[in-house]
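Numbering follows UniProt numbering, in which position 183 of the sequence shown is assigned residue number 183; successive positions increment by one, without gaps.
Presented below is the structure to which this report refers.
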Amino acid sequence: MAAEGEYESILCVKPDVNVYRIPPRASNRSYRAADWKLDTPDWSGRLRITAKGQVAYIKLEDKVSGELFAQAPIKEYPGVAVETVSDSSRYFVLRIQDDNGRSAFIGVGFGDRGDAFDFNVALQDHFKWVKQENEISKNAQLGDSGPKLDLGFKEGQTITLNIGQGKKRDKPRPQGSGGFGLLPPPPGGKIAPPPSLGSSNHNIVPQTGGTPTGCLLELDSSNSNTVVQSNPSSDLWGDFSAPASSVPAPSRPQETGNWIQF
Numbered sequence: 001m002a003a004e005g006e007y008e009s010i011l012c013v014k015p016d017v018n019v020y021r022i023p024p025r026a027s028n029r030s031y032r033a034a035d036w037k038l039d040t041p042d043w044s045g046r047l048r049i050t051a052k053g054q055v056a057y058i059k060l061e062d063k064v065s066g067e068l069f070a071q072a073p074i075k076e077y078p079g080v081a082v083e084t085v086s087d088s089s090r091y092f093v094l095r096i097q098d099d100n101g102r103s104a105f106i107g108v109g110f111g112d113r114g115d116a117f118d119f120n121v122a123l124q125d126h127f128k129w130v131k132q133e134n135e136i137s138k139n140a141q142l143g144d145s146g147p148k149l150d151l152g153f154k155e156g157q158t159i160t161l162n163i164g165q166g167k168k169r170d171k172p173r174p175q176g177s178g179g180f181g182l183l184p185p186p187p188g189g190k191i192a193p194p195p196s197l198g199s200s201n202h203n204i205v206p207q208t209g210g211t212p213t214g215c216l217l218e219l220d221s222s223n224s225n226t227v228v229q230s231n232p233s234s235d236l237w238g239d240f241s242a243p244a245s246s247v248p249a250p251s252r253p254q255e256t257g258n259w260i261q262f
């Protein structure tokens, strides 16, 4: 039963409902409205669904005076207290009870299918809410009974904080001179000696015959830093062998007067 002090709420009201006396069910098959005398209902009045706590009440009342004719307490839906019939969606079977606990089964029917739909939805929504309330209370009980985490300090317990004493990151050391890494020598070749200090220009102008006259150079556009010497025997760079994919060695210049052709 509902606890004392809980208020009663109204879930649904339908002004027209018919009540029928139904024969006792002889087997486990479902009820059929065709077995009732649908043209001559035994009572007509108003149906009102109320809720007090988790229990719903279907009340059959007089249309004018509001006097209670019968009521059916509903503790679960679908269930024994409210059953549908197999041959119509507008008729239901209710188990009514009096104050002494005596019960009986009656048939109720609505003239409109929309009223029957509202009746069904009102009961479904109420017991959906009941199910959610039960799950919330069950989870609350499980949470209270579980072990609690104690984060408080015990007597005499202290904690030490080290602020501003973190390890300093080691700075990266420079690699090689000037902070750049040394490049490995080319495969299969010899390392050339460094140029002399007096050489400040990579494009060396060859001299022919010891004359100080200037020469015009035609440099290859693909290699602007190619060194050409008129005397191969005076090569200060040594023998430098390049891979097969390197640029081929320039041909020996031919003297034509004071002009040198590369």
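From the three backbone atoms N, C-alpha and C, an ideal C-beta is built for every residue, glycine too.
Please classify Ile-136: does DSSP put it in a helix, a strand, or coil? The residue given as residue 136 occupies position 136 in the sequence shown. Three-state DSSP puts Ile-136 in a helix.
Those residues which DSSP pairs with residue 263 across a bridge: With the chain covering only 1 through 262, there is no way to say anything about residue 263.
With distance defined between alpha-carbon atoms, name the residue in Ser-89, Ala-104, Gly-156 nearest to Val-121. On the sequence shown, residue 121 is found 121 positions in, with the first residue counted as 1. It is Ser-89.
Run of the beta strand (DSSP E) containing Val-55, from where it starts to where it stops: Stepping through the sequence shown from its first residue, residue 55 is reached at position 55. Element bounds for Val-55: 55-61.
With respect to the beta strand (DSSP E) encompassing Glu-155, which residues constitute its N-terminal and C-terminal limits? Counted from its first residue, the sequence shown places residue 155 at position 155. Element bounds for Glu-155: n/a, residue is neither H nor E.
Select from Leu-123, Ser-65, Asn-28, Tyr-31 the residue whose C-alpha is nearest the C-alpha of Asp-46. Sequence index remark: in the sequence shown, residue 46 carries index 46 (1-based). Per the sequence presented here, residue 46 reads as Arg, with Asp not at that position. Cα-wise, what sits closest to Arg-46 is Ser-65.
What is the DSSP secondary structure of Val-64, reduced to helix, strand or coil? Looking up residue 64 in the sequence shown gives position 64. Look at Val-64 here: in three-state DSSP terms it is coil, with no helix or strand label.
Could you check the C-alpha separation between Leu-38 and His-126 for me, to the nearest Å? Along the sequence shown, one-based indexing puts residue 38 at 38. Along the sequence shown, one-based indexing puts residue 126 at 126. Rounded to the nearest whole angstrom, the C-alpha separation of Leu-38 and His-126 is 30 Å.
Report the option in Lys-154, Asp-87, Asn-139, Gln-71 whose CA atom is closest to the CA atom of Arg-102. For the purposes of this step, residue 102 is taken as the residue at position 102 of the sequence shown. It is Gln-71 whose Cα lies nearest to the Cα of Arg-102.
Residue nearest to Tyr-77 in terms of C-alpha spacing, selected from Ala-56, Glu-67, Leu-68: Here residue 77 refers to the residue found at position 77 of the sequence shown. The residue among Ala-56, Glu-67, Leu-68 with its C-alpha nearest the C-alpha of Tyr-77 is Ala-56.
What do you get for Tyr-20, buried or exposed, if any count of 16 or more other CB atoms within 10 angstroms of its CB means buried? Stepping through the sequence shown from its first residue, residue 20 is reached at position 20. Buried, since its Cβ has 16 or more Cβ neighbours within 10 Å.
Residue 268: buried (16+ other C-beta within 10 angstroms of its C-beta) or exposed? With the chain covering 1 to 262 only, the question about residue 268 has no answer from this structure.
Under three-state DSSP, which class holds Ala-81? For this step, residue 81 is matched to residue 81 along the sequence shown. In the three-state scheme derived from DSSP, where H, G and I count as helix and E and B as strand, Ala-81 is classed as coil.
Among Glu-61, Ser-9, Gln-54, nearest to Ile-74 - alpha-carbon criterion: Working through the sequence shown from its first residue, we reach residue 74 at position 74. The residue with the shortest Cα to Cα distance from Ile-74 is Gln-54.
Residue from Phe-92, Ser-44, Ile-58 whose Cα sits closest to the Cα of Tyr-31: For the purposes of this step, residue 31 is taken as the residue at position 31 of the sequence shown. Among Phe-92, Ser-44, Ile-58, the Cα nearest to that of Tyr-31 is on Phe-92.
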